[in-house]
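Residue numbers (the numbering used here): 691 to 1209. First the structure, in the form of structure tokens, and then the observations on it.
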Amino acid sequence: MNSASQNLFTALRAAFPADLDQIAVEATSPAGEPLLYTWRDLDCASARIANLLASLQLPEGSRIAVQVEKSVEAMLLYLATLRAGYVFLPLNTAYQSAEIEYFIGNAEPAVVVCTPGNFGWVSKIAFTAGTQHVFTLGDDRSGSLLQRAAHFGDAHEAAPRRADDLAAILYTSGTTGRSKGAMLTHGNLLSNALVLKDYWGWQPNDVLIHALPIFHVHGLFVAIHGALINGSKMIWMAKFDPQAAIAAMQRATVFMGVPTLYVRMLAEPTLTREVARNMRLFISGSAPLLIETFKEWQQRTGHTILERYGMSETIMLTSNPYAADARHGGQDERRGATVGFALPGVGLRVVGDDGQLLPTGEIGNIQVRGPNVFKGYWRMPEKTAEEFSQDGWFKTGDVGKVDERGYVSIVGRSKDLIISGGYNVYPAEIEGYINDMPGVAESAVVGVPHPDFGEVGVAVVIPKPGARVDGDAVIAQLKSQLANFKIPKRCFVTTELPRNTMGKVQKNLLRDQHKGLFA
Ligand code: MCA
Ligand code: AMP
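In structure tokens form, the structure reads like this:
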């Protein structure tokens, strides 16, 4: 290996235990059979896929776009992409053809990997966009990717990469216009993984319950890097199942989830102190954890959930302490309704709308900087410039405050965003689709509280004069166009939207009006 290389894979591989025959991942096949992977399996299988990718002689910086069901092999494809030095582009399996067409058209990947069942329509989109190679990968190890990779050797020297070379692009929707690809570098990902290794007190004998999807930051980076860079085993769940997750706690030590996962486990009578006795750490993030959930978890299990805060553009930014944090007077208290302290190396400040720094405790716009902050939006230099202050801080779009002890609380968002079950839904995108429907004059989508998903979208639609619009039909049409988690749970048809004197829709009034819908 080139000693100057900052390839993230090299750092992850260096952390594998000396005994490669230990179990690295315990998974279950779609048919319910146990599947065990040793560290050697991860090494050899990712090498075979990396060799396959390398054999394609793709241009430097090529994107490998992947829309497949969660499986250990899908993780191996991620590792292989890093290893071969290309750029991983994960896509939520809920995305439908118009969404995929946009991502593939925008990112121009050299390789697309999709499920065998989607090959027909995905390959059509990909070949039209100029992609040369489309492989398939099923969650049962089927498909052309592994078939082709099997012909390659099981050793591969990781391609040398600099810290600021791209490792991944994660698409994140915008408050206006189309999704933007956040470009994350090997240095972004490695620095964040190393900080979390230390801050969360990871140990090689930790066992992580991996229950999240692997196409977003939480499941793909925070969870996978966390386990791998500590040489820790994972109990791998292709789909979150509260009963299975609770049962796994007796053999595990770390769990990561979005708040919905905690809410669903709390609804299970099997969740007790006894069953959680072996656990060391429960981590929550991606959406606000209600204080009720935080307290109930404490009562039921005796564990205090550690809440942290991050973004696709920045990976992890803040965290409640796992142990005493010397930077904050040795405080080790995990405080509910806060996201803890700025992580070591992360700068975090709160500014007013005029960009001026606000005094401690005042609510304002959160801005951040550090080695974890992304390189920019893919092929969108103007958007990138807009999202940074003149002195180089990234504008998160989150609104919050920092108290005198350094605890950060998020109290709202300046971006018009709904976070539903840990997934981001941008009202502007949904409104765009509704406004294009026949007979619709305009629409507004707002987030309202929901006991399971935290928040869900509700649409309010105004028909054109004389037109008839049916709310259920609007929802049915959206279902055929957009990822399922983006679909508003209810749609009301009415005569006008509340507006302020400037003519702007008063979404707060709509939120108030509908806040009891799912209570
Ligand atoms: C599923 N449904 C949803 C959601 N998920 N509706 C609203 N919000 C959701 N998140 C709906 C589907 O549309 C469907 O409705 C019905 O629920 C059943 O779908 P299914 O897929 O079976 O649902 P599920 O398996 O119960 O999924 C719920 C889930 C999942 C497990 C909570 O949403 C999930 O894995 N969320 C985690 C997301 C995540 O990893 N976020 C991290 C982003 P219908 O039947 O009407 O069609 S990373 C991030 O945010 C930052 C960086 C950070 O800080 O981590
Ligand atoms: P994404 O675009 O999927 O990366 O989502 C990032 C957004 O999720 C952040 O800007 C926050 O609004 C939100 N977020 C992440 N973690 C938390 C948390 N612990 N509490 C509140 N919001 C969070």
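We put the CB at the ideal spot given by N, CA and C, even for glycine.
Which one or two residues does DSSP pair with residue i in a beta bridge?
i: L779; result: A755
i: S974; result: G947 and E997
i: D1040; result: Position check: residue 1040 holds Val in this sequence, whereas Asp was assumed. Paired residues: I1056.
i: F1078; result: F1084
i: T862; result: K870
i: M924; result: V715 and L898
i: E1145; result: P1139
i: G1090; result: G1054 and I1100
i: S813; result: For S813, which the question treats as bridged, DSSP gives no partner whatsoever.
i: S1110; result: Y1113
i: M1070; result: Paired residues: none, contrary to the question.
i: C1181; result: A1149
i: L1007; result: L1007 pairs with nothing; no bridge assigned.
i: T991; result: According to DSSP, T991 bridges with nothing at all.
i: D1015; result: Q1021
Just to confirm before moving on: does the CB-CB distance between residue i and residue j stay below 8 Å?
i: N1055; j: T862; result: no
i: A784; j: A1173; result: yes
i: L1187; j: I1177; result: no
i: D733; j: L702; result: no
i: T983; j: P959; result: no
i: I904; j: L898; result: no
i: T1185; j: I1152; result: yes
i: A800; j: P749; result: yes
i: P720; j: D830; result: yes
i: A1149; j: V1159; result: no
i: L902; j: A913; result: yes
i: G795; j: A819; result: yes
i: V907; j: L951; result: no
i: N920; j: A1209; result: no
i: T1123; j: G864; result: The residue asked about is misnamed: residue 1123 is Tyr in this sequence, not Thr. Cβ distance not < 8 Å, so Y1123 and G864 don't count as in contact.
i: V1136; j: R1201; result: yes
i: S1099; j: V1036; result: no
i: S1009; j: Y1097; result: no
i: L781; j: L827; result: no
i: M924; j: H900; result: yes
i: G1112; j: S976; result: yes
i: F842; j: S834; result: no
Return the CA-CA distance between residue i and residue j, expressed in angstroms with no decimal places.
i: T700; j: L772; result: 9 Å
i: R1039; j: V1101; result: 15 Å
i: S761; j: T805; result: 11 Å
i: H993; j: T943; result: 12 Å
i: A714; j: G1020; result: 34 Å
i: R941; j: P932; result: 15 Å
i: W1083; j: N1062; result: 12 Å
i: V1146; j: P894; result: 39 Å
i: P850; j: A737; result: 15 Å
i: L980; j: A1027; result: 7 Å
i: K814; j: I739; result: 23 Å
i: Q1057; j: K1085; result: 5 Å
i: R1095; j: I973; result: 21 Å
i: K929; j: H846; result: 31 Å
i: S1133; j: M1127; result: 11 Å
i: L742; j: P1139; result: 47 Å
i: R838; j: V803; result: 13 Å
i: D1044; j: P1034; result: 27 Å
i: V926; j: A935; result: First, the residue type needs correcting, since residue 926 is Trp and not Val in the sequence shown. Using only the alpha carbons, I get a separation of about 10 Å.
i: S787; j: F793; result: 10 Å
i: A816; j: F778; result: 16 Å
i: N1125; j: A1131; result: 6 Å
i: V1092; j: R1017; result: 15 Å
i: W1068; j: R1025; result: 36 Å
i: M691; j: I1109; result: With a pLDDT of 44 at M691, under the threshold of 50, the predicted position of this residue should be treated as unreliable, and no value is reported.
i: R868; j: H915; result: 29 Å
i: L956; j: L725; result: 28 Å
i: M765; j: L698; result: 14 Å
i: I1031; j: S1170; result: Reading the sequence as shown, one finds Phe at residue 1031 and not Ile. About 42 Å.
i: M969; j: P978; result: 22 Å
i: E723; j: A937; result: 17 Å
i: L1107; j: K1197; result: 12 Å
Any beta-carbon of chain D closer than 8 Å to the one on residue i?
i: D733; result: The structure shown contains no chain D; it holds only a single protein chain.
Between the segment 854-861 and the segment 1044-1063, can you find at least three pairs of beta-carbon atoms closer than 8 Å? The segment 1044-1063 is not in contact with the segment 854-861.
Give a yes or no on contact between the segment 879-899 and the segment 744-763, applying the rule of three or more CB pairs nearer than 8 Å. Result no; under three Cβ-Cβ pairs closer than 8 Å.
Are the segment 793-813 and the segment 882-891 in contact at 8 Å, needing three or more beta carbon pairs? With a cut-off of 8 Å, the segment 882-891 and the segment 793-813 do not count as touching, because too few Cβ pairs lie within range.
Could you say if the segment 1069-1087 and the segment 998-1009 meet the contact criterion of at least three C-beta pairs nearer than 8 Å? Touching, yes, given that three or more Cβ pairs across the two stretches are closer than 8 Å.
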